[in-house]
Every structure is written in structure tokens, then in C-alpha cells.
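The structure appears right after this line, and notes come after that.
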Amino acid sequence: MAEAIESLQLSPAEPVRGPGVPAGTVLAGGEPGVPGKRHVRPPRHLADLDQAERRAAVAELGQPGYRADQLSRHYFARLTDDPADMTDLPAGVRAELGGALLPPLLTAQRELECDGGTTRKTLWRAVDGAFVESVLMRYPDRVTMCVSSQAGCGMACPFCATGQAGLTRNLSTAEIVTQVFAGARAMAAGAVPGGPGRPGEAGRVSNVVFMGMGEPLANYRSVLAAVRRITDPAPAGLGISQRSVTVSTVGLVPAIRKLAAEDLSVRLAVSLHAPDDELRDELVPVNRRWKVAEVLDAAWDYAAATGRRVSIEYAMIRDINDHAWRADRLAGLLAGRLAHVNLIPLNPTPGSKWTASDPAVAAEFLDRLAARGVPVTVRDTRGTQIDGACGQLAASTVPAPAKGRQ
Ligand code: SAH
């Protein structure tokens, strides 16, 4: 079933073949390719592998299994990927294992920050030239990494910047984990200010949201393994609580059902944006395949299986989906359910004819939901100035010279 899900793309997948993939590179196992198309896969990395696979990988290199544990401790617990720092490994082994299992995957091309340095967006270049973005947001009580799961996106939602360019390719597990690793390392190094004008005290990434570029459930296998790497206790993984991870989806029903059966307690967010099929068919084109009722059925089953409240994402688009009657229709669908609505003022994308709802209209929409007892909040829209807010990630900036490697 995962294969069927992964091959679902509403716009053509155009894998890019760029410079930078050395001949003979060992490519990570991944999704089946479209017949006749050449898929470039990123090199295999420690973070692609579970612990048994890591031991097998070091054994292939003629090393004892405990070397895998040493490497894991360095990467996932000490947050270093530089073999030179791994002084408990003999020098020759360091270079060999580092070269084989810690290849650079993403290179930071550009970093943009706002909110006094507490919001920072990184534009990453993958080895095949694909670009993705991640955003770190430091709040007084938490630090959230918003990560990309695909380069581009095939879901073609007309209000979303990522959706406009189509899908380039799925990211590998390690390419996803690397984004969180980079944030964790920046936090550990005290490189992120605690607030505007406040010094950066060392801290941790507490939350991960799959709300960057891409549709996570269209890259199911890599995303699921990334969730495990992110949440497995150190040194097997980064040790972030499952409850603090959110997977956001347009509503790929079979994949939601599959995720519900994984025995995880991650939060599911469903990008609904309209309570009626007529409008949702336009705003979220995959609705033509899985209708509102089916998506919500799967969401309630997910809530029942995990005990987790489902987030319903609703971008407020002026005169498009913000009518009082739609608020009432939405309330009717959600009242009494284990759900919470996030209203996101639309971040207009370049050239878009749409704009955010009038604040008074948005307030009435919220009141109508609240009046029916539906928990609802307005999503904080950090990062708008650096095109880092929801739906703005497009990796369209002209890349500046590389700043560092992961
Ligand atoms: N593909 C996933 C995750 C991507 S984006 C999904 O659709 O859920 C995360 C959230 O940002 C989604 O709810 C998405 O609909 C929303 N979003 C996209 N473009 C937006 C925009 N221009 N303004 C506000 N929210 C937007």
C-alpha cells in the first residue's frame, strides 16, 4: 500500500539529475521509481538506518558491531558528524566509517532570520542540486523545527507556494533527520537567541512539525523512519517525544489509516481548508480522490487509535472560505470530536489573487466555532518576513555561497 501512496502525485514528478553525485555513490534504498525515469538517490547515511542496520553496515566494513553504537552516540547524542571529533575510534576507522556512513547530505546555502533571531530559515542544497528549506522557531517554552519531507510537492494546492512548482523528489530519511539535527546542534551550541536582544542559552529542539515543503504521507516510508529516528531515545535517535511531533497532511486517507496502525503517538494535522467538497476540490485538489467525509472519518479513527486530538488546519482566505455559513458547516463536522482547529491567516504567495481574511471576519469565524464548543486558535505566523511562514517555502531564492555543511 505504501507504494501506491508514494506514487500518488498530482503533478508530474521530475527527478533532477544535477552535478555533485559522485559515480559509484551508494544510494539509499527508497521508493520505487517511475518506470523509465532515473531517480537520483542521496547517499546512504547513518540516520537512514535503524540500529540493526547500522550494525550490519559496520560489519560490511569489517568492523565490530559496537562501532555502530559509538557512531550513533556521536551523531544522535553528542550531535557531531565530524569524524575528527570521534576520538574513541582509531584514526583509520574514523575516516572509513565517517566516509561510509556520515556523508554530507545537505549544504546550507543561505540562512535568513527574523523575530530577533528566534526564527531562522535555512535553504539547503542536496547532493543532486535539489533545494529544500527548514525553519527553526524558538519560543520561551519550546523550540519547534519545521521540516521538509519532499523537494517541492505534488499536491498542487493553489494557495501554497511549494505546490506551484510541483514535485522534484522525495527526501531520504536521513535528509529529513539532518534538518532536525542541524537545529538541535544550533540549539546545543547556544547559537539561537532566547528572544529579541537576549543571548542564546543552550537548549534543545522540543517539537518537530512536518509542515515544510512536501506532503509527508506521499513519502510515507522515509517519513515514518525519520519519525522513529527523531523520537527514538538517544543514542538510537534524537530523543524528541513522539507527542511533540506533528505530521501534517492534505488527507491521503490510506496513509492516515496506515499511520494510525503504527503504534505511535505523533499528532496528526489535516489541512482541511474547506468543509464542503465543492470548494475543497479546488483548494486541496487531492479532495477529488478522498472527500471531506472520508478524510475526517480517517482522522477520527486516528484520534481513537492514538488518543491524540487531531489538528484541523484552515487557512483563512478572504471571501473564499471564510463565510459564516462555512464556519457553521465546519462546526457541525467537528463538534464533539477529538479535534482542534488552527486558523492560519493566509500568507499570500507571489502572484496570488488571494489574500488573508479580514480580521473581523476571521474573528467571527472563530467565534462561531467556539460557540459550538470546538477548540480553536489562530496560528502564529512567524517568519512571514523571510518567506518562512506556512505555505511560503518555495526555495526560489537565488542561492548565496554555502555557509556550512551538515
Ligand atoms: N503537505 C502538508 C504539509 C505542508 S504545509 C499539508 O498540506 O498539510 C503546512 C500547512 O500550511 C498546511 O496546512 C498548508 O495547507 C498550509 N499552507 C500552505 N500554504 C499556505 C499559505 N499560503 N498560507 C497559509 N497556510 C498555508
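Just so we're aligned, residue 31 is where the sequence shown starts under my numbering, counting upward by one.
The beta-carbon is built from N, C-alpha and C at its ideal position, and this holds for glycine as well.
Everything numeric in this text was worked out from a predicted model, so none of it was measured.
When the five nearest sequence neighbours on each side are left out, the beta carbons in the same chain lying within less than 7 Å of the beta carbon of L363 are those of P305, L326, in order along the chain. Rounded to the nearest whole angstrom, the C-alpha separation of F240 and L109 is 21 Å. Within the same chain, Cβ atoms closer than 7 Å to the Cβ of R339 are found at A333, L368, A369, H370, the five residues on either side in sequence being excluded.
Taking every protein chain shown into account, the CB of D352 has 16 or more other CB atoms within 10 angstroms, so this residue is buried.
In terms of CA proximity to M185, M243 leads the group M243, A299, P73, W330.
By alpha-carbon distance to A264, the top candidate from R287, Q81, G95, S252 is Q81.
Of the residues assessed, L91 falls on the exposed side of the cut-off, its CB having fewer than 16 other CB atoms within 10 angstroms. Apart from sequence neighbours up to five positions away, the residues of its chain that approach S102 with a beta-carbon distance below 8 Å are L76, Q81, R84, P265, A266, ordered along the chain. Contact between C187 and V253 fails: their C-beta atoms lie close to 18 Å from each other, not under 8 Å.
With fewer than 16 other CB atoms across the displayed protein chains lying within 10 angstroms of its CB, K383 is exposed.
Taking one beta carbon from each stretch, the segment 156–171 and the segment 218–234 have 3 or more pairs nearer than 8 Å; the two touch.
Just measuring C-alpha positions, the residue of A255, G128, M175 sitting nearest R97 is G128. In the same chain as T379, and ignoring 5 residues on each side of it, the C-beta atoms closer than 6 Å to its own belong to A191, in chain order.
Pairing D145 with G413, the inter-Cα distance amounts to about 8 Å.
One Cα belongs to D388, the other to G193, and the distance between them is close to 24 Å. Distances from the CA of L423 to each of C176, T148, A89 were compared; the closest alpha carbon is that of C176. For L268, the CB contacts under 8 Å within the same chain, skipping 5 residues up- and downstream, are F106, V207, V210, F211, A214, V235, R259, I260, T261, D262 in chain order. Rounded to whole angstroms, the separation of the alpha carbons of E245 and A299 is 12 Å. Sequence-distant Cβ neighbours of R402 in its own chain, meaning closer than 6 Å and more than five residues away, are A361, A365.
The DSSP-derived three-state label of V235 is coil. Secondary structure at H104: helix, using DSSP grouped into helix, strand and coil.
The ligand SAH has no heavy atom closer than 7 Å to the beta-carbon of H370. Distances taken from the Cβ of Q194 to the heavy atoms of the ligand SAH include none shorter than 7 Å. L131 sits in a helix when the DSSP states are folded into three classes. Look at R172 here: in three-state DSSP terms it is coil, with no helix or strand label.
Of all alpha-carbon atoms in A419, G182, E394, A219, the one lying nearest the alpha-carbon of L201 is that of G182. Annotation for T411: I374, P375, N377, A419, C420 place their beta carbon closer than 8 Å to its own, counting only its chain and skipping 5 residues before and after. Of the candidates T198, T137, V173, T198 places its Cα closest to the Cα of S179. Of W154, V283, E394, the smallest CA-CA separation from E324 is found for V283. Cα atoms of P73 and P133: separation of roughly 7 Å, rounded to the nearest angstrom.
Taken through DSSP and simplified to helix, strand or coil, M116 comes out as coil. Look at L298: its beta carbon is at least 7 Å from all of the heavy atoms in the ligand SAH. Here R228 is exposed, its C-beta having fewer than 16 other C-beta atoms within 10 Å. For A130 against T152, the beta-carbon gap comes to about 26 Å, at or over 8 Å, which does not count as contact. Assigned with DSSP and collapsed to three states, Q93 falls in coil, not helix or strand. Here V253 carries a helix assignment [DSSP, helix/strand/coil].
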